[in-house]
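Sequential numbering from 233 applies to the sequence shown in our numbering.
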Amino acid sequence: MGTPSAAQSFPAPRPQLPSGRSLLRWALSFYGARWQLLAGIAVVPLIFTVLQILLSSPALRGLNIILGILALVASCVTSIALLKVVAGESTAGTAEGVPGVYQRLMPLFWPLAVISFFTCLAVVGSVSLFLLPVVLVGPSLLFAGYVFVVEHQRGMAALERSWYYARGYVANVFWRVVFFGIVTSVIPLLFISMVGVSYGLIHPTSLSSAQDGTALPLPFQIIFAFFQYLVIVPLSVIFLYGIYKALKQIKTVQPSPDELQKIRKTISIFMAIGVVGFVVLLLWVGSALLSAVNG
Numbered sequence: 233m234g235t236p237s238a239a240q241s242f243p244a245p246r247p248q249l250p251s252g253r254s255l256l257r258w259a260l261s262f263y264g265a266r267w268q269l270l271a272g273i274a275v276v277p278l279i280f281t282v283l284q285i286l287l288s289s290p291a292l293r294g295l296n297i298i299l300g301i302l303a304l305v306a307s308c309v310t311s312i313a314l315l316k317v318v319a320g321e322s323t324a325g326t327a328e329g330v331p332g333v334y335q336r337l338m339p340l341f342w343p344l345a346v347i348s349f350f351t352c353l354a355v356v357g358s359v360s361l362f363l364l365p366v367v368l369v370g371p372s373l374l375f376a377g378y379v380f381v382v383e384h385q386r387g388m389a390a391l392e393r394s395w396y397y398a399r400g401y402v403a404n405v406f407w408r409v410v411f412f413g414i415v416t417s418v419i420p421l422l423f424i425s426m427v428g429v430s431y432g433l434i435h436p437t438s439l440s441s442a443q444d445g446t447a448l449p450l451p452f453q454i455i456f457a458f459f460q461y462l463v464i465v466p467l468s469v470i471f472l473y474g475i476y477k478a479l480k481q482i483k484t485v486q487p488s489p490d491e492l493q494k495i496r497k498t499i500s501i502f503m504a505i506g507v508v509g510f511v512v513l514l515l516w517v518g519s520a521l522l523s524a525v526n527g
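Below, the structure written as structure tokens:
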């Protein structure tokens with residue numbers, strides 16, 4: 233029985249993504265070194281959201297809708313600015329100021345909105361096919377916005393690249409995102425619980441009304457908004473960029489046109505199902521509204 237020759241080759245071990253804890257440590261380190269710049273960029277949608285909370289009154293419903301739209305647009309531009317800073321493509325905010333950053337990046341809003349809409353259609357289509365496809369499609373298209381901002385790929389091309397990077401690592405991506413979600417949910421809940429005990433001792437009637445089903449007291453809503461925009465949003469952009477960067481380093485071979493075409497067909501199928509799902513949902517909502525009016 234012969235022994236393996238020195239020239240005999242063995243399959244290389246499959247490259248692994250960094251662990252969730254490693255990615256979180258890196259994200260916290262990056263955030264800690266640049267928190268003033270990152271928070272300065274994220275403060276714009278925070279302002280609109282806080283105004284929306286403070287002006288939440290039936291008499292100001294129209295103004296609240298406008299503030300919500302402004303917060304949504306500002307959040308999208310904020311995500312682009314944060315990603316450019318994390319990717320090292322920009323030192324946004326250091327010289328031109330936050331208003332200059334938003335003015336320069338506003339043209340990127342609509343292309344990102346198109347990518348987000350395509351992603352939404354595909355995810356809705358996967359929801360129509362129950363849980364397993366959601367776990368596949370969601371992580372596979374998670375990095376389409378990153379591809380757009382970093383690689384300047386637009387529309388379906390961004391979705392195709394994201395799918396290519398995540399293929400073979402969908403479960404790894406999914407569990408790292410779940411890990412990040414758990415960590416970033418538990419910490420603020422513990423903090424709010426401690427604050428809530430103190431607040432409840434001072435304002436017991438406010439907490440009792442919240443327990444009866446009404447909105448949380450204003451201080452709690454504002455604290456949540458500050459934590460979400462100044463901490464969670466920048467950290468999530470950094471954390472997901474760490475996964476995206478690792479996947480790019482693993483997938484060094486460029487996909488062939490035939491490979492991208494197959495990926496496009498798969499995504500298109502989910503999007504088509506998503507369109508049908510939206511139509512069915514609209515018909516169902518319309519039918520429910522008509523029944524309520526006639527009833």
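Where is the CB? At the ideal position from N, CA and C, for every residue including glycine.
The model shown is predicted, which means the values in this text are computed figures rather than measured ones.
With a threshold of 8 Å between beta-carbons, can residue i be considered close to chain B, or not?
i	result
Q335	The structure shown has no chain B; it contains just one protein chain.
Under 8 Å by Cβ, that's how I've got residue i and residue j pegged, so tell me the actual separation to the nearest angstrom.
i	j	result
A457	I285	7 Å
G252	F406	About 11 Å; that fails the 8 Å criterion.
N296	L287	6 Å
Give me the Cα-Cα distance between residue i and residue j, rounded to the nearest whole angstrom.
i	j	result
L256	L492	31 Å
T281	R246	44 Å
Q486	G518	46 Å
F489	T351	Phe is not the amino acid found at residue 489; the sequence shown has Pro there. If I take the Cα positions, the gap works out to 21 Å.
V415	I495	33 Å
I341	F349	The displayed chain sequence assigns Phe, not Ile, to residue 341. Whole-angstrom Cα-Cα distance: 12 Å.
A403	P250	13 Å
M338	S468	21 Å
T446	I454	Annotation note: pLDDT 46 at T446 (below 50); position unreliable, coordinate value reported separately. Roughly 16 Å separates the two Cα atoms.
V356	L514	13 Å
V507	A354	9 Å
A291	F459	28 Å
V418	S425	10 Å
A319	V381	9 Å
A376	C308	14 Å
E383	S311	15 Å
V512	I505	11 Å
Q529	L304	Because the chain spans 233 through 527 in this model, residue 529 falls outside it and cannot be assessed.
A524	F510	21 Å
Y215	L278	What is shown of the chain runs 233 to 527, which leaves residue 215 out entirely.
G294	G300	10 Å
L283	A345	24 Å
In three-state DSSP terms, what is residue i?
i	result
V485	coil
L299	helix
A403	helix
A319	coil
G518	helix
F262	helix
Q268	helix
P371	helix
P290	helix
L256	helix
P250	coil
Q493	helix
L408	Before going further, note that residue 408 is Arg rather than Leu in the sequence given. Note: R408 maps to helix in three-state DSSP.
R386	coil
S438	Confidence at S438 is low in this model, with a pLDDT of 47, below 50, so the placement of that residue should be treated as unreliable; the coordinate-derived value is given next. Reduced to three states, the DSSP call for S438 is helix.
P277	helix
P466	helix
P449	coil
P245	coil
Taking one C-beta from the stretch 490-503 and one from the stretch 387-394 each time, how about it: are there three or more such pairs within less than 8 Å?
-> yes
At least 3 beta-carbon pairs within less than 8 Å: the stretch 467-477 vs the stretch 304-324 = yes
Three or more beta-carbon pairs under 8 Å between the stretch 257-277 and the stretch 459-468, yes or no?
-> The stretch 257-277, when compared against the stretch 459-468, does touch it at the 8 Å Cβ threshold.
Stretch pair the stretch 366-384 + the stretch 398-416: three plus CB contacts closer than 8 Å = A contact between stretches requires three or more CB pairs, one per stretch, nearer than 8 Å, and the stretch 366-384 meets this requirement with the stretch 398-416.
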